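Taking it in order: structure first as structure tokens, then the write-up.
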Amino acid sequence: MTTQQQDGSWSEPGSQQDWQQHYPPYTEQQQQQQPVHGDQQAYGDHQAYGYQQPYTGQPYIPQQPNPAQQRYTRPYTGGSDAEYYVPEYTVVEPEPEPEPGYVLPEVPVSAWSVDNSRSAWISRGALLLILLVQAGLSFRLDGSAFPQEAKFLVSDGALSGPVAQLGLAGARALSLAWALGATALLFGATRLLFNARAGLAAAAMYSVLESTAFTGRYASLHSLSLFLLAAALWLLARTRQSGPAAVLLAAPFAALAPFAAYSAALYLPTLTVLAVLTAYRFRGAGAFVRGALFAVATGALCFVGVLLHGTPSGWNVQSDDSTVELLKESAQWGGVVLLVAVIGAVGFIRRARMGEMPWAEGSAPGAVRRSLLGLTMCATALLAPLYQAWLGNGSSLYIHVGFGLLFAVPMAGLGVSRMMGAHFRYPQIGIMIYVAALVIGMAQTGGLYRPPDSAAMVGALREVVDTKGAYLTDDPEISAYYLRAQTKPAQWHRAGQGAALTAEVKKDSYDVIALRADSVPEALRGNADYRLLAVLRPSDKDGGQEPYRIWVKR
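First residue of the sequence shown? That's 12 in the numbering used here, and the numbers climb one at a time after it.
See the structure below:
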């Protein structure tokens, strides 16, 4: 039977002499540790504590105590009652685990992203590059004023009057600033609805659209209307977790947008639906109260605007343009973005998160809400094409398409993010889509942005007009704007076609007639009352513009 000692070792029960025979006193240990210059066999007769028996036939090599023995060994004190040696030791408490330097936030509903300071600055830098590309695409467009630009600049409306004071270059620069602001707000709204990566993809695709580049270099209030709609969308996303009354912040922006461009009125119902869908995940049934407040406030503000400034003109003008052609052109201008948006909506409906962190927990929007959100955003892109095709009026359709794409692009950005995959597994897909949209947008903008080459015509008319005559021309707005220092807008009249032009010429009441025509009209051929002053051909022969022909009354 063995007994356990205090230091944890085991020994057989016996006398002190037996124990000392195995473990001699400390003084004897010191004597045995001293080197002896004699017969090496003496070391084999005495085994010092802590030393090993040398091999037979080999010289003995003393071994030094290891660091543990040097630290815990204490001198032997002697005495009859000292039966064994207890080493000194200190119990060291384990150090506590360090607190984590950061805590992962809840995973967004569509992809993994961390909104820390570094990622925020990276997103801002990428957004700045996107805005620079957009500004470059708009600045590459140049030329004299379009008829609608000239009409806008000579008007004295409540909104157009102050802008007209800046002139053509100033008004175009202001339009570019509004267009860039709309892109930045679109990025913010998409980031709040989904994540920063989808927001950057949405901003990148929207910045290269034909309508975006065109409105950024077009002196009108279309870009202001887009900015107001984007601000309303951003505020709806920003206040989605706040109380229902916070939605009233977005109502003034939404109500003012139709008075800047009448086509914005088509998208007020979309904003109302989004007011509900963006907050339903957080407010439940209270989201319907939020939507009702937004609809009532926006409607009341629009009613006040109509009482003060009248109904915006142009929103219900019918014409005889081909419905098939209008839908075909709409598909060319926005079909790529709409297709990517549909892919994003389908992916969002199938799965709320991308799966970059499949173990992530947390609430996510249900399939019904995801379906309604995707359907609303994608269907909004069809409002302007279908409405103007129903009217048979293709006026400014290439601009109005961009209003609907403003709401579809967030879902397109999500589609690009999904196609690139978790952790940017397939970045080449996103690059390919962006380059395709860029090339298509540049080609379409170059074909549509062709203002009349009116510089030579204006120079010729400047020599023959004054403040007393009456003038007939195909572009009265252009002549009234560029010759506003010498004439008044009321002196310029629009020329008709065919029989209407013949009747106007027979009146013999116009001092100057300036028309764009390949050949001399029948009403002026051989007319003794007018003489041909000049035939001015455009500098761009491939632009498809007809030459100006100017007649002066004899």
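For every residue, glycine included, the Cβ atom is placed at its ideal position computed from N, Cα and C. Treat the numbers as computed from the prediction; the structure is a model and nothing was measured.
| Check | Outcome |
| --- | --- |
| C-beta contact flag for A265 and A243 at 9 Å | yes |
| Same chain, Cβ closer than 6 Å to E474, five either side skipped, listed in chain order | none |
| Inter-residue spacing [alpha-carbon to alpha-carbon] between A146 and G480 | 42 Å |
| Backbone secondary structure at L483 - three-state DSSP | strand |
| Nearest candidate by alpha-carbon position, reference I489, set A161, A213 and A257 | A161 |
| Supposed contact pair Y409 and L459 - C-beta distance, whole angstroms, cut 8 Å | 6 Å |
| First and last residue of the uninterrupted beta strand (DSSP E) at R527 | V523 to R527 |
| Beta-carbon separation (whole angstroms), L226 vs A213, contact threshold 8 Å | Correcting the residue type first, residue 226 is Thr in the shown sequence and not Leu. With 8 Å as the limit, T226 and A213 do not qualify as a contact, their Cβ atoms being about 17 Å apart. |
| Contact belief for L417 with A241 at Cβ below 8 Å, rounded distance in angstroms | 6 Å |
| Residue range of the unbroken alpha helix (DSSP H) whose run includes W189 | G178 to L204 |
| Continuous alpha helix (DSSP H) assignments of at least 4 residues falling wholly in the stretch 258-303 | 262-271 and 279-294 |
| Exposed unless 16 or more other CB atoms sit within 10 angstroms - verdict on F163 | buried |
| Buried versus exposed call for M431 [16 or more other C-beta atoms within 10 Å across all chains shown] | buried |
| Same chain only: Cβ atoms within 6 Å of R183, ignoring 5 sequence neighbours per side | R228 and A230 |
| Cβ contact check for the stretch 298-311 and the stretch 262-278: 3 or more pairs under 8 Å | yes |
| Own chain, CB closer than 6 Å to A306, minus 5 neighbours either side, in chain order | T283 |
| Contacting residues, own chain, Cβ-Cβ under 8 Å from N327 (five flanking each side not counted) | L402 |
| For S253 and A447, the rounded distance between their alpha carbons | 39 Å |
| Three-state class that DSSP yields for A471 in the structure shown | helix |
| Buried versus exposed call for S222 [16 or more other C-beta atoms within 10 Å across all chains shown] | buried |
| Cβ shell of P438 (< 8 Å), same chain only, five flanking positions each side left out | M431 |
| Segment contact flag, the stretch 344-359 with the stretch 389-406, C-beta cutoff 8 Å, min 3 pairs | yes |
| Pair within 9 Å by beta-carbon distance, R292 and R380 | yes |
| Member of A534, D519 and L526 whose CA lies at the smallest distance from the CA of K564 | D519 |
| Cβ neighbour criterion (16 or more within 10 Å) applied to L318 | exposed |
| Residues bridged to W503 [DSSP beta-bridge criterion] | Y482 |
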